[in-house]
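Undergrad: Input: one structure, supplied below.
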Amino acid sequence: MRFLNLLCLASIAFATPLFGQTPKTQPHSKPNEAAPPPAALPSEPGLYAVIYTSMGDIVCRLFEKEAPATVANFRGLATGSKTWTDPATGKSKHVPLYTGTTFHRVIPGFMIQGGDPLGTGEGDPGYKFDDEIAPNRSFDQPGVLAMANSGPNTNGCQFFITVAPATHLNGHYSIFGEVVSGQQIADAISEVPRDAQDKPLTPVKILRISIRQVGAGAAKS
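The numbering used here numbers the first residue of the sequence shown as 614 and each following residue consecutively.
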């Protein structure tokens with residue numbers, strides 16, 4: 614997947630190009646520091662994703678009602694129940710895609726992006742699916758979980774989490790969840806030292822993503 618349009622939109626919104634931007638030194642949590650205690654699931658019924666990273670856990674509530682196809686795709690790739698094609702080998706796989714991937718693009722005050730099996734921003738799962746733009750969901754606050762894309766209806770496996778309001782993205786990206794615990798982890802990831810392409814100098818790994826159901830018929834995967 615090419616460098617995503619959300620970054621172009623961001624550069625317009627802030628009137629400052631993001632490509633080649635030199636980051637300022639900011640406080641951050643180092644990937645090799647001791648991780649905080651595991652995040653607890655909320656008591657509110659619903660479907661949740663626990664994103665276990667090398668810097669701590671991020672818990673997101675998934676919007677099954679507003680984005681059913683997007684949530685189903687994310688869940689299938691997270692658990693390994695959905696077949697995908699490895700872009701490095703061209704071979705079909707039936708294992709969790711996100712396990713061992715990284716947050717390959719991080720921008721302080723904007724977002725963290727991950728879920729690419731290549732780790733370059735160019736990878737995809739071998740297919741694309743349509744956008745699900747819900748009118749009642751907006752990038753009006755930090756902690757929005759959405760699919761990255763390279764244009765309309767080009768969703769695959771890459772996703773991002775905002776660390777600040779980004780309303781200029783409204784209508785362009787499928788929002789399918791929100792952070793309910795661990796936003797400070799996302800914030801810290803966004804501030805790690807990075808290169809001119811916004812790739813962390815020390816990889817921030819997605820160890821795995823667990824899908825949990827809270828409430829009636831609770832199950833986990």
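Glycine is no exception: its CB is placed at the ideal position from the N, C-alpha and C atoms.
Nearest-angstrom Cα distance between SER787 and SER751?
TA: So the two alpha carbons sit approximately 10 Å from each other.
Undergrad: Do ASP811 and VAL719 have their C-beta atoms within less than 8 Å of each other?
TA: Yes, they are a contact pair.
Undergrad: Let me confirm a value: ALA779 is counted as buried when at least 16 other C-beta atoms fall within 10 Å, else exposed. Which label applies?
TA: When all chains shown are included, ALA779 counts as buried.
Undergrad: Alpha carbon to alpha carbon, how far is PRO738 from PRO700? Give it in angstroms, no decimals.
TA: Looking at the two C-alpha atoms, the distance is approximately 7 Å.
Undergrad: Give a yes or no on whether the C-beta atoms belonging to LEU675 and PHE772 are separated by under 8 Å.
TA: Not closer than 8 Å, so no.
Undergrad: Note down the Cα distance separating ASN768 from ALA829, rounded to an integer number of angstroms.
TA: In a straight line, the C-alpha of ASN768 is about 30 Å away from that of ALA829.
Undergrad: Count the other CB atoms, across all protein chains shown, that sit within 10 Å of the CB of ASN645; report buried if there are 16 or more and exposed otherwise.
TA: Because ASN645 carries a pLDDT of 44, less than 50, the predicted location of this residue cannot be relied on, and no value is offered for it.
Undergrad: State the start and end residues of the unbroken alpha helix (DSSP H) segment that holds PHE772.
TA: No alpha helix (DSSP H) holds PHE772; the beta strand (DSSP E) holding it covers 772-775.
Undergrad: Helix, strand or coil: which one does DSSP assign to SER803?
TA: The answer is helix: DSSP assigns SER803 an H, G or I state.
Undergrad: So ILE725 packs on VAL684, CB below 8 Å; how close in whole Å?
TA: Not a contact, Cβ separation roughly 20 Å.
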